[in-house]
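Quick note on numbering: the sequence shown equals residues 158 to 422 in our numbering. Notes follow once the structure below has been shown.
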Amino acid sequence: MLFFVGLGLYDERDISVKGLEIVRSADAVYAEFYTSRLMGTSIGRLERLYGRKMKILSRSEIEGEPEWIEEARERNVALLVGGDPMISTTHLDLRLRAIEMGIDTRVIHASNIASAVPGITGLQNYRFGRSATVPFPHTVRGKRIVSSAPYDAVKDNLIRDLHTLLYLDIQDGRFMSINEAAALLIEVAEGRGDAGFASRLAVGIARAGSEDMCVRAGALSDLRRYSFGPPLHVLVIPGRLHFMEAKALRILAGATEELLSRYEL
């Protein structure tokens, strides 16, 4: 069987008891950390708590031709991933491939940023619309390209009074900050003539699941200058707010009454 084991939000202790039992009893243990990272731990600490050595898989070994899956025909193989295993379509693709190969699969769920954000901010989970990722700019034929996709996702959600969770890019050891993401969103908005976007309410979350988690609500232009500390970061652009959501953002994230008054339903 191929087990997909979620490791949770931040460090080696976030794994479930069920997940830990499976890791300790598996015949082979693999892990991948390019779709998500556990910033509060290390490979050594993971191996010490779990009592197992693990092989870290590269992106090509996950998305290319994952020959290691063949082992699960005759042995129990555990693939460890940050967060919840099926939040990433990459892992869904692996599971479907395994099933098509005649290999049994099982998913061991865990905490993840999508489920944690409503609890951290007080924003109601059923009022989140489509999420998006803010990617780093790239260069094509000498021209700097900034993706407009996250801005478009936010605007589509705002039409429906829905909140938007924005994941921030992880690339070759670089971790996008809330400050960088806010600046990129404002750049796209200003290019569209949407000057008011910079003053919209936003919520930044850093190091979710850790003891030194940082949560701050304010105008997007203010978050661009706020010091959130080390990664990982995510950003939320809320729609209009239920009075309980507004109260939560004031108490939990330091939003001002003046700013909140513009967004209450």
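The beta carbon of each residue, even a glycine, is placed where N, CA and C say it ideally should be. No experiment lies behind these values; they were computed from the predicted model shown.
Open item on the list: Would SER173 and ALA235 qualify as a contact pair, given that the criterion is a beta-carbon distance under 8 Å?
Closed with: Not a contact, by the Cβ cut-off of 8 Å.
Task: Alpha carbon of LEU380 to alpha carbon of ASN336, nearest angstrom - done: Cα to Cα, LEU380 sits roughly 6 Å from ASN336.
Open item on the list: Distance check for VAL291 and VAL180, CA to CA, integer angstroms please.
Closed with: VAL291 has its alpha-carbon roughly 33 Å from the corresponding atom of VAL180.
Task: Reduced DSSP category for LEU398 - H, G, I as helix; E, B as strand; rest coil - done: If DSSP states are grouped into helix, strand and coil, LEU398 belongs with the strands.
- [ ] Flag this pair as yes or no: are the beta carbons of LEU389 and ARG170 separated by less than 8 Å?
- [x] Taking 8 Å as the Cβ cut-off, LEU389 and ARG170 do not qualify as a contacting pair.
Open item on the list: Can you tell me whether PHE400 is buried or exposed? The criterion is at least 16 other CB atoms within 10 Å of its CB, across all chains shown.
Closed with: Looking at its Cβ environment, which holds fewer than 16 other Cβ atoms inside 10 Å, PHE400 is exposed.
Task: Exposure label - SER334; buried when at least 16 CB within 10 Å - done: Looking at its Cβ environment, which holds 16 or more other Cβ atoms inside 10 Å, SER334 is buried.
TODO: Within its chain, find whatever has a CB closer than 7 Å to the CB of ARG263; leave out the 5 residues flanking it on each side and keep chain order.
DONE: The residues MET158, PHE160, in chain order, have a CB closer than 7 Å to that of ARG263 in the same chain once the five nearest residues on each side in sequence are set aside.
- [ ] Out of ALA185, PHE190, LYS175, point me to the one whose CA is closest to TYR167's CA.
- [x] Ranked by Cα distance from TYR167, the first of ALA185, PHE190, LYS175 is PHE190.
Task: Whether LEU417 touches GLY279 by CB criterion (8 Å) - done: Their beta carbons are not under 8 Å apart, which means LEU417 does not touch GLY279 by this criterion.
Open item on the list: Considering only the alpha carbon of each residue, which of VAL372, THR192, PHE293, GLU421 lies closest to LEU249?
Closed with: The residue from VAL372, THR192, PHE293, GLU421 with its alpha-carbon nearest to that of LEU249 is THR192.
Task: Alpha-carbon to alpha-carbon, ASP369 and SER217 - done: Straight-line spacing of the CA atoms in SER217 and ASP369 works out to 34 Å.
Open item on the list: Which of the three DSSP states is assigned to VAL360 in this structure?
Closed with: The answer is strand: DSSP assigns VAL360 an E or B state.
TODO: Determine the direct distance from the alpha carbon of ARG373 to that of SER199, and round the result to whole angstroms.
DONE: Taking the straight line from one Cα to the other gives about 27 Å.
- [ ] Round the Cβ separation of GLY163 and GLY240 to the nearest angstrom and send it over; I've been treating them as touching at under 8 Å.
- [x] So it is a contact: roughly 6 Å between Cβ atoms.
Task: Residue span of the beta strand (DSSP E) that contains LYS300, given as start and end - done: Taken as a continuous stretch (DSSP letters only), the beta strand (DSSP E) holding LYS300 covers 300 to 302.
Open item on the list: Buried or exposed, going by whether 16 or more other CB atoms sit within 10 Å of the CB of THR296?
Closed with: THR296 is exposed by the Cβ-count criterion.
TODO: Going by DSSP, name the residue or residues bridged to VAL238.
DONE: Beta bridge pairing from DSSP links VAL238 with GLY163, GLU189.
Task: Buried versus exposed, by CB contacts within 10 Å (16 or more), PRO395 - done: When all chains shown are included, PRO395 counts as buried.
- [ ] Report yes if the C-beta distance between SER356 and THR321 is below 8 Å; otherwise report no.
- [x] It is not a contact, given that the beta carbons lie outside the stated cut-off.
Task: beta strand (DSSP E) segment containing ILE265, residue limits - done: For ILE265, the enclosing beta strand (DSSP E) starts and ends at 262 to 265.
Task: 8 Å Cβ cutoff met for MET196 and LEU203 - done: Not closer than 8 Å, so no.
TODO: Using three-state DSSP, classify ILE270 as helix, strand or coil.
DONE: Reduced to three states, the DSSP call for ILE270 is helix.
Open item on the list: Quick check on DSSP: helix, strand or coil for LEU206?
Closed with: Correct three-state label for LEU206: helix.
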